[in-house]
Amino acid sequence: QKEVEQDPGPLSVPEGAIVSLNCTYSNSAFQYFMWYRQYSRKGPELLMYTYSSGNKEDGRFTAQVDKSSKYISLFIRDSQPSDSATYLCAPYSGGYNKLIFGAGTRLAVHP
Amino acid sequence: KAGVTQTPRYLIKTRGQQVTLSCSPISGHRSVSWYQQTPGQGLQFLFEYFSETQRNKGNFPGRFSGRQFSNSRSEMNVSTLELGDSALYLCASSWNSGTGKGAQYFGPGTRLLVL
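Chains as they are written, first to last, in this note's numbering: chain A, 1 to 111; chain E, 1 to 115.
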């Protein structure tokens with residue numbers, strides 16, 4: 001079993017839709033949870049960063065962590081074509097900077 | 001503040017050659033990590049350096065090595081290149097000293113093609 005599981009998609013939605021991206025993980029030591037966005041042929045860009053369980057909102061983006069079920073979610077409201085990218089979850093135990101990435105979900109938002 | 005920079009951006013090599021990639025972290029960041037990204041394996045951790053010391057290493061063969069300089073700039077080297085080494089090599093920097101939050105900021109990557 002992989003430490004982090006993420007459906008690679010692709011996920012195709014119309015502009016304005018609410019998007020839900022999810023990951024599951026197996027390591028209880030993970031305390032920090034990051035979401036990265038990666039556009040084609042670019043490096044990953046840090047999108048959201050949460051600690052422990054709970055929700056965090058930043059504009060149209062909401063990150064949700066449920067440590068009891070080891071489930072991570074990223075919601076995108078009012079999705080835009082510019083949101084078309086690959087979204088990677090990366091839980092982290094707080095050790096020496098070793099991020100474990102999910103496979104990434106490819107999202108396409110069409111006008 | 002300038003972001004993470006990586007050079008070169010693109011590289012073509014042949015099997016058996018060696019290659020050196022360079023990374024300059026965000027000013028003030030002392031930790032530099034390297035990752036390999038391929039379509040089949042995704043993003044995989046190579047190693048992490050802090051204050052010129054390697055603190056963590058992923059499951060890659062000894063052909064992959066790295067170092068960090070006193071100004072926090074880092075290089076990674078791959079010797080005896082194989083076709084399977086073709087990938088996007090990403091560098092990430094963070095302020096983290098190993099005890100905390102570790103938000104990492106990535107550079108644009110070096111795309112390596114081995115023929």
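All C-beta atoms, glycine included, are put in the ideal place defined by N, C-alpha and C.
Relative to the C-alpha of T86(A), which residue among Q36(E), R63(E), T7(E), L43(E) is closest?
L43(E)
Shorter than 7 Å from the beta carbon of P39(E) to some beta carbon of chain A?
For P39(E), the answer is no, since every Cβ of chain A falls outside 7 Å of its Cβ.
Taking the runs of the beta strand (DSSP E) that are 3 residues or longer, which of them lie wholly in the segment 2-78 of chain A?
4-6, 11-14, 19-25, 32-38, 45-51, 54-58, 61-66, 71-76
In chain order, what residues of the same chain lie with their CB nearer than 6 Å to the CB of I72(A), ignoring the 5 residues before and after it?
C23, F33, V65, C89
With DSSP as the reference, label L99(A) as helix, strand or coil.
coil
If we ignore side chains and look at the alpha-carbon of each, how far apart do P8(E) and F106(E) end up?
Whole-angstrom Cα-Cα distance: 15 Å.
Compute the beta-carbon to beta-carbon distance between P8(A) and R106(A), rounded to the nearest angstrom, for a pair I have assumed lies under 8 Å.
7 Å
Are three or more beta carbon pairs between the segment 51-60 of chain E and the segment 84-93 of chain E nearer than 8 Å?
They do not touch, by the three-pair rule.
Own chain partners of A2(E) with C-beta closer than 8 Å, once the 5 adjacent residues on each side are dropped
I26, S27
Taking only three categories from DSSP, how would you classify L88(A)?
strand
Nearest-angstrom Cα separation, counted from Q104(E) out to E52(E):
Distance between the alpha carbons of E52(E) and Q104(E) is about 18 Å.
Identify, in the order they occur along the chain, each residue of the same chain with its Cβ nearer than 6 Å to the Cβ of L99(A), setting aside the five sequence neighbours on each side.
A90, Y92
Could you pull out every residue in the same chain whose Cβ sits closer than 8 Å to the Cβ of G102(A), ignoring the five residues on either side in sequence?
V4, E5, Q6, C23, L88, C89, A90
Whose CA, out of G94(A), P81(A), G104(A), lies closest to the CA of A17(A)?
P81(A)
Do the CB positions of A108(A) and P10(A) come within less than 7 Å of each other?
yes
Take H110(A) as the anchor and find which of K56(A), V19(A), A29(A) has the nearest alpha-carbon.
V19(A)
To the nearest angstrom, how far is the alpha carbon of Q38(A) from that of F47(E)?
Each residue's alpha carbon lies about 21 Å from the other.
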